[in-house]
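In order, the protein sequences belong to chains A and B.
Be aware that the first sequence starts at 63, since it is given in this note's numbering, and climbs by one per residue.
Be aware that the second sequence starts at 63, since it is given in this note's numbering, and climbs by one per residue.
Below you'll find the structure, written out as structure tokens, and then a few comments.
There are 2 protein chains.
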Amino acid sequence: MSNEKHLAVAGATGAVGIEMLKCLEERNFPIGELTLLASSRSAGRKLSFRGSEVEVQELTPDSFRGVDLALFSAGSGISREFAPHAVEAGAVVVDNSSAFRMDDEVPLVVPEINPEDVALQHGVIANPNCTTIITLMGLQPLHAEFGVEQVIASSYQAVSGSGAQGIVELEGQIKAIAGDGEVEKKIYPHQIAHNVIPQVDAFLENGYTKEEMKMQNEGRKILHAPDFTASVTCVRVPVYRSHSVAVTASFRKPVDVERAREVIDAAPGVRVMDDPAAGLYPTPLDATDGDDCLVGRIRKDLVFENGLSFWVVGDQVRKGAALNAVQIAELL
Amino acid sequence: MSNEKHLAVAGATGAVGIEMLKCLEERNFPIGELTLLASSRSAGRKLSFRGSEVEVQELTPDSFRGVDLALFSAGSGISREFAPHAVEAGAVVVDNSSAFRMDDEVPLVVPEINPEDVALQHGVIANPNCTTIITLMGLQPLHAEFGVEQVIASSYQAVSGSGAQGIVELEGQIKAIAGDGEVEKKIYPHQIAHNVIPQVDAFLENGYTKEEMKMQNEGRKILHAPDFTASVTCVRVPVYRSHSVAVTASFRKPVDVERAREVIDAAPGVRVMDDPAAGLYPTPLDATDGDDCLVGRIRKDLVFENGLSFWVVGDQVRKGAALNAVQIAELL
């Protein structure tokens, strides 16, 4: 029997879907058959994979016959509607949406952090929120060493976090302003060109956005740390790709900056870029198209006794979404 | 005797100098004679003020004869060199640089917060750092009500904070990228177009930048709160004008979000723009060219028991520099 899988990608034509195909190619994922699925609008399009053209089919309840593994990245609504059909057909679903993340039956996995949770799956494994993944990639090695208790963080989130349309909106606005044209707003409630917007996703009763609460809610589940608290401000910035997060964390044990650099650098999937004297720290451009999250600006915090502040950057289309999903698939 | 002053502006042709002239005009400041000073490079240029053209003169040690009031905004080096000459000539100096801010003999004043400190001057009054002013405009009303203890903040700082050259650099890079040209870097160590840079000013031994330490150092002096601690990450973003700051603060007394909105809105120079349900919060574009700092996203913090998080935006060329200096001059 072959080790090769019949793999389906639902939402194949989106920014994350296309990046998933790139990751599957690069990592030489053992695929026997590949089914690309999208809405009827995109059906018939052809995407190239390993040198051949694969035709995109319309996603329907019957799309998953014979599929071993289905990667979903088409939004929560689609996941809720079609993931059960995939599971019923015998596939394991890796879902990039927020639909099932907080479901007790569904493991929420960052392969470098809690790979063992994959074993608890009942057909669906959830891929965490992009800003949460990137922050935890820097935080987890510190948690393992010092024991994290609290996080206060502010994000600098790229427009590709809103999919291809976010990129189109920023490009269009920059062009319109340069040419004295009218600024069109479809994706964001305010102009994003030459501006920052302190809102990502919808507001909740407590004054936080859904995006902001994910760091605490998903962080607790991924780190197995039910008392972990996180207070976050999520901000959209006019950057095309890669999210940055300014993180302040308090720990149970005394901290040490040199040791912090060592444990982060020793961890998989994350790299230290931190030499203030030499002006070395990561920016979004440094992380773009890379697999690793990058950490710099590591310093003793001035407010918390056992506190560290740091700056972490990651390509949220890759590690924040597509790559993490493919890594989960590899664990299966 | 006339109430009108002989006023000098040193650094008149810079971004802040020009904004100072605008503020003096708008606020109908009682000026009998106006002397505009700059480097020899800019001497001879003419700037318009109240309908007439005023010729810029070269700044020399003798420039201050007969001057009552000198507004300096030409960098620390120039202030250190020439402010003593101005004081010797009998002028009171309002200095926008960091040269004298932490000097015990020099009051550091935000007119809405500590106007009484002006009386302690011995010839020089310092204008605080722009990010510190904007943050304190939102924080001080909360401090008065609840008693601030600690602040953790992340900034989103516009390129005009680096003067006119910062604007030129961002514009040039955006054009170069759109036209496939080469990105030139003169002001910032990394590309700022479509990127963010977690460094403003030079690094200190403790891993923080000078800019980041100003919030604690200057904040203690302005608020008369010697135990106030602040842990800050300052980040340059591709915005032309107005700084934003995501602030988390812990207080001595229990906090209340509605009361927080009330006390901020009742304070001078600051306005609440905060209705998450209606998607209302300030962005840099909302604050630009305005006198008021704008506060939104006020919510109970999830980490500190008596904590509040909020988002404050202000035009750093105006309230962060020129306007605040003119307001100090008005107090004299």
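All C-beta atoms, glycine included, are put in the ideal place defined by N, C-alpha and C.
No experiment lies behind these values; they were computed from the predicted model shown.
Boundaries of the beta strand (DSSP E) harbouring B/His68: Lys67 to Ala72, taken from the DSSP string. It is roughly 6 Å from the alpha-carbon of B/Val78 to the alpha-carbon of B/Ala384. DSSP, read as helix, strand or coil, puts B/Ile93 in strand. In this structure A/Phe134 touches A/Ser159 by the C-beta definition: roughly 7 Å separates them, less than 8 Å. Note on geometry: alpha-carbon atoms of A/Gln235 and A/Gly113 lie some 36 Å from one another. With a minimum length of 4 residues, the unbroken runs of alpha helix (DSSP H) contained wholly in the region 217-271 of chain A fall at 226-240. The contact set of A/Val365 on chain B, defined by CB atoms closer than 7 Å, consists of Gln212, Ile214, Thr291 and Ser293 in chain order. Not a single C-beta of chain B is nearer than 9 Å to the C-beta of A/Thr197. Within the region 270-291 of chain A, contact with chain B at the beta-carbon level (separation under 7 Å) is assigned to Tyr270, Gln278 and Thr291. With a contact defined as Cβ atoms closer than 8 Å, B/Arg303 and B/Asp377 qualify at about 6 Å.
At a Cβ-Cβ threshold of 9 Å, A/Thr295 and A/Glu274 count as neighbours.
Put simply, the backbone Cα of B/Val332 is about 31 Å away from that of A/Lys276.
For B/Phe144, the enclosing alpha helix (DSSP H) stretches over residues Ser138 to Glu150. Non-local beta-carbon contacts of A/Ile284 in its own chain, meaning distances under 7 Å to residues more than five positions away in sequence, involve Leu170, Val172, Ile175, Asn176, Pro190 and Leu198 in chain order. Near chain B, meaning a CB-to-CB distance below 7 Å, no residue of the region 171-182 of chain A qualifies. For B/Arg321, the enclosing alpha helix (DSSP H) has its first and last residue at Val319 to Ala328. A/Phe366 sits in coil when the DSSP states are folded into three classes, being neither helix nor strand.
The region 359-366 of chain B and the region 261-270 of chain A touch, with three or more beta-carbon pairs separated by less than 8 Å. Contact between B/Gln278 and A/Leu370 fails: their C-beta atoms lie close to 17 Å from each other, not under 8 Å. Note that the region 224-232 of chain A does not touch the region 336-351 of chain A; fewer than 3 beta-carbon pairs, one per stretch, sit closer than 8 Å. A straight-line Cα-Cα distance of about 10 Å links A/Ala287 and A/Glu280. Apart from sequence neighbours up to five positions away, the residues of its chain that approach B/Gln183 with a beta-carbon distance below 8 Å are Val154, Val168 and Pro169, ordered along the chain. Residues of chain A with a Cβ closer than 9 Å to the Cβ of B/Gln202 do not exist, since the nearest Cβ in that chain sits about 19 Å away. Closest by C-alpha distance to A/Asp353, out of A/Tyr343, A/Gln389 and A/Glu367, is A/Gln389. From the listed residues B/Gln202, B/Met82 and B/Lys237, the smallest Cα separation to B/Phe313 is found for B/Gln202.
Scanning the region 96-123 of chain A for uninterrupted beta strand (DSSP E) segments of 3 residues or longer gives 108-111 and 114-120, listed from N- to C-terminal end. In this structure, the straight-line span from the alpha carbon of A/Ala255 to that of B/Tyr343 is close to 17 Å. In this structure, DSSP gives B/Ile187 an extended state, which the three-state scheme calls strand.
The alpha-carbon of B/Asp327 is positioned some 29 Å away from that of A/Val213.
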